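Line by line, the protein sequences give chains A and B. Under my numbering, the residue at position 21 of the first sequence is numbered 21, and the numbers go up by one with no gaps. Under my numbering, the residue at position 97 of the second sequence is numbered 97, and the numbers go up by one with no gaps. Single-structure report; data block below.
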Amino acid sequence: AQKVTQAQTEISVVEKEDVTLDCVYETRDTTYYLFWYKQPPSGELVFLIRRNSFDEQNEISGRYSWNFQKSTSSFNFTITASQVVDSAVYFCALSAPPDQTGANNLFFGTGTRLTVIP
Amino acid sequence: AAGVIQSPRHLIKEKRETATLKCYPIPRHDTVYWYQQGPGQDPQFLISFYEKMQSDKGSIPDRFSAQQFSDYHSELNMSSLELGDSALYFCASSRQGFYGYTFGSGTRLTVV
């Protein structure tokens with residue numbers, strides 16, 4: 001069974017501070033995919049990153065960076081120099097590769113609500 | 001680039017009424033997923049279709065049904081609506097062999 005835990009329900013930071021959102025996952029699959037999505041107040045789900053379980057390289061994209069640690073089953077997300085526009089709910093999600101039916105759904109964590117205070 | 005299109009964006013229905021939500025996947029995407037996100041909740045998987053066949057089923061109530069048509073668009077039919085069905089309903093699409101999901105903007109259903 002797959003499970004994603006985001007222990008931080010809500011985080012508030014002052015603008016320009018760095019913030020790390022934690023994500024811990026459980027799966028029995030040897031191959032799996034991890035995702036982060038951003039959900040701003042407007043409600044849409046915005047894709048941020050997909051990580052293959054075989055690729056443990058950390059990734060940086062502008063102010064965003066991700067730390068994938070297979071040994072601790074964690075996929076943490078750091079925003080550096082946070083901005084007010086970063087205020088949103090952030091979801092970590094997990095999926096197995098598509099099976100022979102061609103589909104496999106995403107399991108979401110409960111999300112972390114980030115508020116960046118000006 | 002074309003995205004996943006969901007219609008309508010907003011829907012208000014009364015209890016016991018019926019609602020139909022539509023999803024148009026990205027061209028050449030063969031898989032569609034439906035998710036339900038209640039207020040303050042994470043998205044919960046309802047059902048998915050691959051090549052017009054149901055491929056997986058999650059926590060979808062028996063009052064709900066869905067299908068994928070020959071043009072790959074999908075419809076989620078919801079009958080005997082209850083207040084608890086008020087939620088944001090997302091559709092996502094993907095293409096086999098490409099392990100990513102693109103979400104639509106969602107349909108916000110309010111049952112009064």
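Don't be surprised by glycine CBs; every beta carbon is placed ideally from N, CA and C. All values derive from a computational prediction rather than experimental measurement.
On the DSSP letters alone, give me the boundaries of the beta strand (DSSP E) that residue i sits inside.
i: Asp56(B); result: Met53 to Lys57
i: Leu45(A); result: Unbroken run through Leu45(A): none, as it is neither H nor E.
i: Cys23(A); result: Segment: none, Cys23(A) is in no beta strand (DSSP E) and carries neither H nor E.
i: Thr80(A); result: That residue, Thr80(A), is in no beta strand (DSSP E); it is neither H nor E in DSSP.
i: Ser74(B); result: Ser74 to Met78
i: Ile39(A); result: According to the sequence as given, residue 39(A) is Gln; it is not Ile. Per DSSP, Gln39(A) belongs to the beta strand (DSSP E) from Tyr33 to Gln39.
i: Ala87(B); result: Ala87 to Arg95
i: Ala96(A); result: Premise fails: Ala96(A) is in no beta strand (DSSP E) and is neither H nor E.
i: Glu10(A); result: Glu10 to Val14
i: Glu59(A); result: Glu59 to Ser61
i: Arg108(B); result: Thr107 to Val111
What number of angstroms, rounded off, separates the C-alpha of residue i from the C-alpha of residue j?
i: Cys23(A); j: Val4(A); result: 7 Å
i: Lys52(B); j: Val85(A); result: 39 Å
i: Gln67(B); j: Ser79(B); result: 15 Å
i: Ile47(B); j: Ser55(B); result: 8 Å
i: Tyr33(A); j: Phe54(A); result: 9 Å
i: Ser105(B); j: Pro40(A); result: 11 Å
i: Gln57(A); j: Ser70(B); result: 40 Å
i: Arg28(A); j: Ala1(A); result: 7 Å
i: Tyr64(A); j: Gln8(A); result: 18 Å
i: Arg28(B); j: Val14(A); result: 43 Å
i: Glu17(B); j: Ser59(B); result: 21 Å
i: Val112(B); j: Phe103(B); result: 26 Å
i: Ala68(A); j: Thr20(A); result: Just to set this straight, residue 68(A) is Phe in the shown sequence, not Ala. Each residue's Cα considered, the two are about 13 Å apart.
i: Ser12(A); j: Thr31(A); result: 34 Å
i: Trp66(A); j: Lys57(B); result: 31 Å
i: Pro61(B); j: Asp85(B); result: 10 Å
Between residue i and residue j, is the Cβ-Cβ spacing less than 9 Å?
i: Tyr33(B); j: Cys91(B); result: yes
i: Val4(B); j: Tyr35(B); result: no
i: Lys22(B); j: Gln6(B); result: yes
i: Tyr37(A); j: Tyr90(A); result: yes
i: Ser82(A); j: Leu48(A); result: no
i: Thr78(A); j: Asp18(A); result: yes
i: Gln6(A); j: Thr112(A); result: yes
i: Asn104(A); j: Ala93(A); result: no
i: Leu76(B); j: Ser65(B); result: yes
i: Ala19(B); j: Leu11(B); result: yes
Tell me, to the nearest whole angstrom, how far the beta carbon of residue i is from that of residue j; I am working on the premise that it is less than 8 Å.
i: Leu88(B); j: Arg108(B); result: 5 Å
i: Arg50(A); j: Phe75(A); result: With 8 Å as the limit, Arg50(A) and Phe75(A) do not qualify as a contact, their Cβ atoms being about 11 Å apart.
i: Lys15(B); j: Leu83(B); result: 6 Å
i: Gln96(B); j: Asp30(B); result: 6 Å
i: Ser87(A); j: Val116(A); result: 5 Å
i: Ile26(B); j: Ser93(B); result: 5 Å
Any beta-carbon of chain C closer than 9 Å to the one on residue i?
i: Ser105(B); result: In the structure shown, chain C does not exist; the protein chains are A and B.
Exercise. According to a CB-to-CB cut-off of less than 9 Å, which residues of the region 24-53 of chain A neighbour chain B?
Worked result: Answer in chain order: Tyr33, Phe35, Tyr37, Gln39, Ser42, Gly43, Glu44, Leu45, Val46, Phe47, Arg50 and Asn52.
Problem set entry | the region 103-116 of chain A: positions lying closer than 8 Å to chain B by Cβ | Ala103, Asn104, Asn105, Leu106, Phe107, Phe108, Gly109, Thr110 and Gly111
Exercise. Taking any Cβ of chain A, which residues in the region 46-72 of chain B have a Cβ under 8 Å from it, in chain order?
Worked result: Ser48, Phe49, Tyr50, Glu51, Met53, Ser55, Asp56 and Gly58
Problem set entry | Short-range partners of chain A found in the region 13-44 of chain B, where Cβ spacing is below 7 Å | Asp30, Thr31, Tyr33, Asp42 and Pro43
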